[in-house]
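Note sheet for the following structure.
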Amino acid sequence: MTMHASAPPARPADGVCGAELHDLAARLYPICRSITGDGVRQTLAVLSEHLPIAVREVPTGTQLFDWTVPQEWRVRSARLRDPGGQIVVDFADNNLHLMSYSAPFRGRMSRQALSAHIHTLPDQPDLIPYRTSYYNRDWGLCMAHSRFSALPEGEYDVEIDTDFVDGSLTYGEYVHPGTSDREFLLSAHICHPSLANDNCSGLAVLTMMAAMLKGRRTRYGYRFLFAPGTLGALAWLAANEERAQRIDHGLIVSCVGDAGRPTYKRSRQGSAEIDRIMAHLVKRRGGSILDFSPYGYDERQYCSPGFNLPVGLIQRSAFGTFPEYHTSADNLAFIRPECLAQSLDLLCEAIEIAETNWTPLSLNPKGEPQLGRRGLYAAIGGRHSTGASAMGLLWVMNLADGRHSLLDMAERADMPYADIAAAAALLRDHGLLSDASAGHQVAE
Ligand code: ZN
282 MTMHASAPPA
292 RPADGVCGAE
302 LHDLAARLYP
312 ICRSITGDGV
322 RQTLAVLSEH
332 LPIAVREVPT
342 GTQLFDWTVP
352 QEWRVRSARL
362 RDPGGQIVVD
372 FADNNLHLMS
382 YSAPFRGRMS
392 RQALSAHIHT
402 LPDQPDLIPY
412 RTSYYNRDWG
422 LCMAHSRFSA
432 LPEGEYDVEI
442 DTDFVDGSLT
452 YGEYVHPGTS
462 DREFLLSAHI
472 CHPSLANDNC
482 SGLAVLTMMA
492 AMLKGRRTRY
502 GYRFLFAPGT
512 LGALAWLAAN
522 EERAQRIDHG
532 LIVSCVGDAG
542 RPTYKRSRQG
552 SAEIDRIMAH
562 LVKRRGGSIL
572 DFSPYGYDER
582 QYCSPGFNLP
592 VGLIQRSAFG
602 TFPEYHTSAD
612 NLAFIRPECL
622 AQSLDLLCEA
632 IEIAETNWTP
642 LSLNPKGEPQ
652 LGRRGLYAAI
662 GGRHSTGASA
672 MGLLWVMNLA
682 DGRHSLLDMA
692 ERADMPYADI
702 AAAAALLRDH
712 GLLSDASAGH
722 QVAE
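The numbering used here applies: residue 282 is where the sequence shown begins, and numbers increase by one.
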């Protein structure tokens, strides 16, 4: 079987699919997720309505390279009452009010003493910040700065009912098997509470993408991970050191629902095929390409030197650059159905290229072949009924020296991959090309 023989995955129909993606994100949004705990399990249960996700539990204390699975965090409630007994902050209203991994605490204290444990954003006074304290045990509450500033002096009552227990770290894994043993990894973090773009968007897009792949024949196996940031990726890598070597392409997917243009951060390798695929697609959408840096999401683990896997990061607005990032303004209004759909479409195109890229070799390399005689030039200046353009046909024949893949050609011609692929398919059907990649393709 040759590289171009597999059917590419279906492309989503924009409108319908955008609403579905947003609905799924909206169901995930209220759940209080953290790096461990029931929020992750509840989220996986919702995703499991679409996919048979394997839920992995890694016990507290398990060594993950240089890290250790922490105790599981449980939350029942968190409230702050003012001197008059009125509730001013309630975890039940918005889970961002409680610092993630906050220690339990009960007590009364002055406004001054309280202020050391209250997190606000003076520059964005109406927003609640998202704060965590995973590795430094402390208690804390988060609230709008304007609200805190307005609080009178007096005795405040704090009641944070949380605890830490020996339990496990939870992550979800779903594999769409391919006809080869090579893999494409797609991963989204599952550890943020009510933050729509920086969590729910990636989970929704990857879940729908996995659901769309069901029943399709693909060359690559597609491994979907829904895992808490850092520790989840480390847990998967620690359990799959051998298997990780099968990953030919990988993408971390996060912040894919806002109205910004796409941003792709290259893998540490820098020019892996996934880097070139994404650069091609993102550039054609007017987005930006960033070089690798060891700061960001789980590409940090997959691209650590002991693995150095070809795993990049796809976002729309880059994390940390939009004012809504890690605040209560990263809500369901901030992510848009059409933007979620466009992100899914981008990923589907990436898969299509990974699945169908091949290297043509011209069977008529001396002088241009006479396209008109074969009926291939009929639509010069326009498009052939197969979708191939005249320029696409000329570029493919010219670059078909057995050293240029379709992706190389698309880059060199500055044309969409789909146009080049359509031209190559037509030329092959007319006996003008053979497949130079047939001998050294992915083992099957
Ligand atoms: Zn984040």
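Beta carbons: idealized from backbone N, C-alpha and C, even for Gly. None of the values given here were measured: they were computed from a predicted structure.
With DSSP run on the structure shown, which of helix, strand or coil describes residue 584? Translated into positions along the sequence shown, residue 584 becomes position 303. Coil at residue 584, not helix or strand.
Measuring from the CB of residue 539, is there a heavy atom of the ligand ZN at a distance below 7 Å? On the sequence shown, residue 539 is found 258 positions in, with the first residue counted as 1. No, the ligand ZN has no heavy atom inside 7 Å of this Cβ.
Report the option in 394, 322, 592, 422 whose CA atom is closest to the CA atom of residue 385. The residue you call residue 385 lines up with position 104 of the sequence shown. The shortest C-alpha separation from residue 385 is found at 422.
Cβ-based neighbour list, residue 549, same chain, cut-off 7 Å, excluding 5 preceding and 5 following: The sequence position of residue 549 within the sequence shown is 268, counting from 1. Excluding residues within five positions, the ones whose Cβ falls inside 7 Å are 573, 584, 589.
Beta-carbon proximity of residue 479 to residue 536, cut-off 8 Å: For this step, residue 479 is matched to residue 198 along the sequence shown. For this step, residue 536 is matched to residue 255 along the sequence shown. Going by C-beta atoms, residue 479 is nearer than 8 Å to residue 536.
7 Å CB neighbourhood of residue 488 in its chain, flanking five on each side removed: One-based indexing of the sequence shown puts residue 488 at position 207. So the qualifying residues of the chain are 305, 328, 331, 332.
Is the segment 387–400 close to the segment 334–341, with three or more CB pairs under 8 Å? no
Sort 408, 639, 715 by Cα distance to residue 378 and report the nearest one. Reading the sequence shown from its first residue, position 97 is the one you call residue 378. Nearest C-alpha to residue 378: 408.
Would you tell me roughly how many angstroms separate the C-alpha atoms of residue 559 and residue 358, rounded to the nearest one? The residue labelled residue 559 in the question sits at position 278 within the sequence shown. The residue labelled residue 358 in the question sits at position 77 within the sequence shown. Straight-line Cα distance between these residues: approximately 43 Å.
Regarding residue 607 and the ligand ZN, is the C-beta to nearest heavy atom distance less than 7 Å? Counted from its first residue, the sequence shown places residue 607 at position 326. Checking the Cβ of residue 607 against the ligand ZN gives yes.
What are the partner residues of residue 653, as DSSP defines its beta bridges? Translated into positions along the sequence shown, residue 653 becomes position 372. For residue 653, which the question treats as bridged, DSSP gives no partner whatsoever.
Within 10 angstroms of its Cβ, does residue 546 collect 16 or more other Cβ (buried), or is it exposed? Your numbering for residue 546 matches position 265 in the sequence shown. Result: buried.
Hey, how far is the Cα of residue 236 from the Cα of residue 516? This structure leaves residue 236 out entirely; the chain is present only between 282 and 725.
For residue 581, count neighbouring Cβ atoms within 10 angstroms of its own Cβ and tell me buried if that reaches 16, exposed if not. As a working note, residue 581 is residue 300 in the sequence shown. Buried.
Per DSSP, what kind of secondary structure is residue 416 in: helix, strand or coil? For the purposes of this step, residue 416 is taken as residue 135 along the sequence shown, with counting starting at 1. The answer is coil: DSSP assigns residue 416 none of H, G, I, E or B.
Helix, strand or coil at residue 284 [DSSP, three-state]: Indexing the sequence shown from 1 puts residue 284 at position 3. Reliability of the predicted coordinates at residue 284 is poor, the pLDDT of 40 falling under 50, and no value is obtained from them.
Does the segment 637–646 come close enough to the segment 703–723 that 3 or more CB-CB pairs lie under 8 Å? yes
In or out: residue 539 buried (at least 16 other Cβ within 10 Å) or exposed? Within the sequence shown, residue 539 is the residue found at index 258, counting from 1. Buried, since its Cβ has 16 or more Cβ neighbours within 10 Å.
With a cut-off of 8 Å on the beta carbons, I'd call residue 463 and residue 529 a contact; round off their distance for me. Looking up residue 463 in the sequence shown gives position 182. Looking up residue 529 in the sequence shown gives position 248. The pair is a contact, with the Cβ atoms about 5 Å apart (cut-off 8 Å).
What is the DSSP secondary structure of residue 401, reduced to helix, strand or coil? Taking the sequence shown and counting its residues from 1, one reaches residue 401 at position 120. Coil, per DSSP.
At a cut-off of 7 Å, would you count residue 400 as near the ligand ZN, judging by its Cβ distance to the nearest heavy atom? Against the sequence shown, residue 400 aligns to sequence position 119. It does not: the Cβ of residue 400 is nowhere closer than 7 Å to a heavy atom of the ligand ZN.
Just the Cα atoms here: how many angstroms apart are residue 521 and residue 504? The residue given as residue 521 occupies position 240 in the sequence shown. The residue given as residue 504 occupies position 223 in the sequence shown. Cα to Cα, residue 521 sits roughly 12 Å from residue 504.
Is residue 415 closer than 8 Å to residue 316 when the C-beta atoms are compared? Against the sequence shown, residue 316 aligns to sequence position 35. Against the sequence shown, residue 415 aligns to sequence position 134. Closer than 8 Å, so yes.
Contact test: residue 588 Cβ vs the ligand ZN heavy atom, cutoff 7 Å: For the purposes of this step, residue 588 is taken as residue 307 along the sequence shown, with counting starting at 1. No, the ligand ZN has no heavy atom inside 7 Å of this Cβ.
Give the range of the alpha helix (DSSP H) segment to which residue 676 is assigned. On the sequence shown, position 395 is the one that residue 676 refers to. Unbroken alpha helix (DSSP H) run through residue 676: 671–680.
Give, in chain order, every unbroken run of the beta strand (DSSP E) that is at least 3 residues long and sits entirely within the segment 309–382. 335–340, 353–362, 368–371
Neighbourhood of residue 321 by C-beta, 6 Å cutoff - its chain only, sequence neighbours within 5 removed: In the sequence shown, the residue the question calls residue 321 occupies position 40. 314, 451, 471, listed in sequence order.
According to DSSP, is residue 595 part of a helix, a strand, or is it coil? Counting from one through the sequence shown, the residue named residue 595 turns up at place 314. Strand.
Could you tell me the distance, in whole angstroms, from the CA atom of residue 697 to the CA atom of residue 495? For this step, residue 697 is matched to residue 416 along the sequence shown. For this step, residue 495 is matched to residue 214 along the sequence shown. Each residue's Cα considered, the two are about 27 Å apart.
Any idea if residue 397 is buried or exposed, counting beta-carbon neighbours within 10 angstroms, 16 or more meaning buried? Taking the first residue of the sequence shown as position 1, residue 397 is located at position 116. With fewer than 16 other Cβ atoms within 10 Å, it is exposed.
Close Cβ partners of residue 458 (< 7 Å) along its chain, the five nearest in sequence each way excluded: In the sequence shown, residue 458 corresponds to position 177, counting from 1. Excluding positions up to five away in sequence, the list reads 502.
Cα separation between residue 371 and residue 435? Here residue 371 refers to the residue found at position 90 when the sequence shown is read from its first residue. Here residue 435 refers to the residue found at position 154 when the sequence shown is read from its first residue. Cα to Cα, residue 371 sits roughly 19 Å from residue 435.
In its own chain, which residues sit with a C-beta less than 6 Å from the C-beta of residue 364, not counting the 5 before and 5 after it? As a working note, residue 364 is residue 83 in the sequence shown. Same-chain partners within the cutoff: 435, 436.
Inter-residue spacing [alpha-carbon to alpha-carbon] between residue 647 and residue 678: In the sequence shown, counting from the first residue as 1, residue 647 sits at position 366. In the sequence shown, counting from the first residue as 1, residue 678 sits at position 397. Those two C-alpha atoms are separated by around 11 Å.
Three-way DSSP call (helix, strand, coil) for residue 544 in this model: Locating residue 544 in the sequence shown gives position 263, where the first residue counts as 1. Residue 544 falls in the strand class under three-state DSSP.
Close Cβ partners of residue 352 (< 8 Å) along its chain, the five nearest in sequence each way excluded: Mapped onto the sequence shown, residue 352 falls at position 71. Result list for residue 352: 317, 341, 445, 446, 447, 448, in chain order.
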